[in-house]
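Residues in the sequence shown are numbered consecutively from 667, following this note's numbering. Notes to accompany the following structure.
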Amino acid sequence: MKGGDEEVATPAGPPQPLDWKFSQVFGERIAGEEIQEVDIISAIEFDKTGDHLATGDRGGRVVLFERTDAKDHGLSRRDLERTDYPISRHPEFRYKTEFQSHEPEFDYLKSLEIEEKINKIRWCQTANSALFLLSTNDKTIKFWKVQEKKIKKISKIIADPSKAVGNGNVASSSNSNSPKPFPTNGVSPDRSCNHLGNDISFPPGGLPSLCLPVVVTSQETNLVARCRRVYGHAHDYHINSISNNSDGETFISADDLRINLWNLEISNQSFNIVDLKPANMEDLTEVITSAEFHPAHCNMLAYSSSKGSIRLIDLRQSALCDSHAKLFEESEAPGSRSFFTEIIASISDIKFAKDGRYILSRDYMTLKLWDINMDSGPVATFQVHEYLRPKLCDLYENDSIFDKFECCLSGDGLRVATGSYSNLFRVFGCAPESTEATTLEATKNPMRRQVQTPSRPSRSLNSITRVVRQAETLGVDANGNSLDFTTKLLHLAWHPTENLIACVAANSLYMYYA
667 MKGGDEEVAT
677 PAGPPQPLDW
687 KFSQVFGERI
697 AGEEIQEVDI
707 ISAIEFDKTG
717 DHLATGDRGG
727 RVVLFERTDA
737 KDHGLSRRDL
747 ERTDYPISRH
757 PEFRYKTEFQ
767 SHEPEFDYLK
777 SLEIEEKINK
787 IRWCQTANSA
797 LFLLSTNDKT
807 IKFWKVQEKK
817 IKKISKIIAD
827 PSKAVGNGNV
837 ASSSNSNSPK
847 PFPTNGVSPD
857 RSCNHLGNDI
867 SFPPGGLPSL
877 CLPVVVTSQE
887 TNLVARCRRV
897 YGHAHDYHIN
907 SISNNSDGET
917 FISADDLRIN
927 LWNLEISNQS
937 FNIVDLKPAN
947 MEDLTEVITS
957 AEFHPAHCNM
967 LAYSSSKGSI
977 RLIDLRQSAL
987 CDSHAKLFEE
997 SEAPGSRSFF
1007 TEIIASISDI
1017 KFAKDGRYIL
1027 SRDYMTLKLW
1037 DINMDSGPVA
1047 TFQVHEYLRP
1057 KLCDLYENDS
1067 IFDKFECCLS
1077 GDGLRVATGS
1087 YSNLFRVFGC
1097 APESTEATTL
1107 EATKNPMRRQ
1117 VQTPSRPSRS
1127 LNSITRVVRQ
1137 AETLGVDANG
1147 NSLDFTTKLL
1157 HLAWHPTENL
1167 IACVAANSLY
1177 MYYA
């Protein structure tokens, strides 16, 4: 009590864990169905409004989906504003269109085959109801415009019966003073001939005049994707990231050693702003793994490295930003170094929070949340699959330890998510004092398999015998469920304004809401 009359407001606790439900699936895999390599989805991205979703696959195709539940409730905007209760409908998307973004190529100078696989997709600012997006494979970035165009149809054909062609001559008009027609095909106009050559003949009475179609624009529309620009020949190594700038005019592309700055309007010129390539390649100690522009400040961007560090650079400092403004890395615990330390420390993905204050990073074992104002260490660390640590040797042997998992943040910044093996993905609460750690499976029953939170003791994998193994890809999670390292959930995206997660399991796109 305060002054005997007022109550002191109790501080609000952390938000309650979300109850995730299945929304829909596209391209659901039937049991026993063989998945084609070209159908496996390799990139996913929501646009800023959340009304559109784009996916790219290993076959070089881009598929667009649009949200429909916000449009199908049948109420006008004025009626919605008068409604004092929310319309409780879970988000729904539908297929919009698809197009072939990239084709397989061959670099004859380097004798290198370039895959058509889509590595990244990024949405650009919309204009005049048209959608714009960037897509990239290993070497070439393309700028696409997708727009609805009205279909033109032939409504009727005009034929003028007053004019006809007969006997090889143009019929004279009603004007008797018209000049005598010229000879046609070397045939005298006075000569009567019903046959022209050996193969062509005219019927008696001649042919009707030229028929002209009348083309009208119908109310039906068709989506057309057109490649506006191609940004190529700027990367010697495989492109791993593209990111739009908040100024709406520029974007960056990053490969293993360099980051280039592009203008959307200029496709034949880019500026190299980060170059990690040493004079002697034997001195190379780290590579760039991911890069992203700050969501609000057009002069700032961050990139991560294979050593587990994140560098924040300011484009105002110099033209070549090899020196960073801030360095974020976690000091290594004494005595914890092993053969796998550097491998699992490599950051596979970074994402800025919506307000730009925090950076989320994903390495092989953990998610880390960094405050850009505090470079002493991460403000939070989330163990994704700690139960795999005793199995790192097997993961190294089957190359699973090099898998690159993506991460994402919710629009309100209260939760983070990332994928794991057996098509599992995890959602963590990052608000102060939050203990939320949910495990879901990319199926129609997402809560089927639950993994214990990292704070609880988990079953050790050391107790599992290695005498007989069905396959090198099998393991066990914290609850004793078998893990399949060939089914991994690498790509996922969080809706920018709602608790909706879209995630990829091979060729299937699953959506969950809370």
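Where a beta carbon is used, it is the ideal one built from N, C-alpha and C, also for glycine.
Just verifying my parser: in three-state terms, what is the DSSP assignment at residue i?
i: residue 764; result: strand
i: residue 908; result: strand
i: residue 1060; result: helix
i: residue 853; result: The predicted position of residue 853 is uncertain, since its pLDDT is 48 and thus under 50; a value taken from the coordinates is nonetheless stated next. If DSSP states are grouped into helix, strand and coil, residue 853 belongs with the strands.
i: residue 903; result: coil
i: residue 947; result: helix
i: residue 835; result: In this prediction, residue 835 has a pLDDT of 44, which is less than 50 and means its spatial position is unreliable; what the coordinates show is noted afterwards. Here residue 835 sits in strand by DSSP.
i: residue 774; result: coil
i: residue 705; result: helix
i: residue 1151; result: coil
i: residue 1133; result: Any reading at residue 1133 must be qualified, since the residue scores a pLDDT of 26, below 50, and its modelled position is unreliable; the value itself is stated next. Residue 1133 falls in the coil class under three-state DSSP.
i: residue 1011; result: helix
i: residue 1160; result: strand
i: residue 695; result: coil
i: residue 1113; result: coil
i: residue 1020; result: coil
i: residue 955; result: strand
i: residue 791; result: coil
i: residue 941; result: strand
i: residue 1165; result: coil
i: residue 682; result: coil
i: residue 784; result: coil
i: residue 1108; result: coil
i: residue 1178; result: strand
i: residue 700; result: coil
i: residue 930; result: coil
For the candidate residues the options, whose alpha-carbon lies nearest to that of residue i?
i: residue 664; options: 1041, 1030 and 712; result: Beyond the ends of the chain as shown, which are 667 and 1180, falls residue 664; an answer cannot be given.
i: residue 979; options: 998, 996, 958 and 999; result: 958
i: residue 894; options: 1106, 1054 and 809; result: 809
i: residue 1181; options: 757, 709, 719 and 798; result: This structure gives no information on residue 1181, because the portion of the chain shown stretches from 667 to 1180.
i: residue 1164; options: 772, 1010, 1020 and 817; result: 1020
i: residue 798; options: 890, 771 and 1176; result: 890
i: residue 947; options: 722, 922, 1171 and 1180; result: 922
i: residue 981; options: 1002, 916, 1089 and 1063; result: 916
i: residue 1010; options: 998, 1018 and 1017; result: 998
i: residue 961; options: 914, 929 and 734; result: 914
i: residue 907; options: 899, 926 and 771; result: 926
i: residue 964; options: 975, 732, 929 and 1091; result: 929
i: residue 935; options: 896, 953, 905 and 685; result: 896
i: residue 1062; options: 1151, 712, 1105 and 1162; result: 1151
i: residue 1054; options: 717, 1149 and 905; result: 1149
i: residue 812; options: 762, 803 and 804; result: 762
i: residue 1035; options: 1002, 815, 823 and 975; result: 975
i: residue 796; options: 1077, 1081 and 815; result: 815
i: residue 724; options: 903, 804, 899 and 1033; result: 804
i: residue 1091; options: 1170, 1046 and 1077; result: 1170
Measuring CB to CB, does residue i end up less than 7 Å from residue j?
i: residue 955; j: residue 933; result: no
i: residue 1094; j: residue 1048; result: yes
i: residue 1110; j: residue 1041; result: no
i: residue 881; j: residue 820; result: yes
i: residue 722; j: residue 780; result: no
i: residue 918; j: residue 912; result: no
i: residue 1024; j: residue 1015; result: no
i: residue 719; j: residue 1172; result: no
i: residue 1166; j: residue 757; result: yes
i: residue 760; j: residue 734; result: yes
i: residue 1073; j: residue 1017; result: yes
i: residue 1102; j: residue 683; result: yes
i: residue 1071; j: residue 1028; result: yes
i: residue 877; j: residue 823; result: yes
i: residue 1180; j: residue 705; result: no
Consider the Cβ of residue i: report whether some Cβ of chain D lies at a distance smaller than 7 Å.
i: residue 759; result: Considering every chain present, this structure includes no chain D. It has just one protein chain.
Can residue i be considered in contact with the ligand ZN, in the sense that its beta carbon sits closer than 6 Å to one or more heavy atoms?
i: residue 1029; result: Here there are no bound small molecules, and the ligand ZN is not part of this structure.
Problem set entry | Three or more C-beta pairs below 8 Å linking the region 719-733 and the region 756-771 | Enough Cβ pairs lie closer than 8 Å, so yes.
Problem set entry | Secondary structure, beta strand (DSSP E): runs of 3+ residues fully inside the region 969-1009 | Counting only runs of 3 or more, we get 976-980 and 992-994.
For this session: Pair every Cβ in the region 981-1000 with every Cβ in the region 935-947, then say whether three or more of these pairs are closer than 8 Å.
Result: Here the region 981-1000 makes contact with the region 935-947; the two share three or more CB pairs at distances below 8 Å.
Exercise. Any chance the region 1078-1089 sits against the region 1155-1175, with 3 or more Cβ pairs inside 8 Å?
Worked result: Because the criterion of three Cβ pairs below 8 Å is met, the region 1078-1089 and the region 1155-1175 touch.
Exercise. Does the pairing of the region 1166-1177 with the region 675-695 give three or more beta-carbon distances under 8 Å?
Worked result: The answer is yes - the region 675-695 touches the region 1166-1177, with three or more Cβ pairs under 8 Å.
Exercise. Can you list the alpha helix (DSSP H) stretches of 4 or more residues lying completely in the region 1028-1105, in chain order?
Worked result: Within the region 1028-1105, the complete alpha helix (DSSP H) runs of at least 4 residues are 1058-1063.
For this session: Go through the region 708-735 residue by residue and report every complete run of the beta strand (DSSP E) that reaches 3 residues or more, in order.
Result: 718-723 and 727-733, all fully within the region 708-735.
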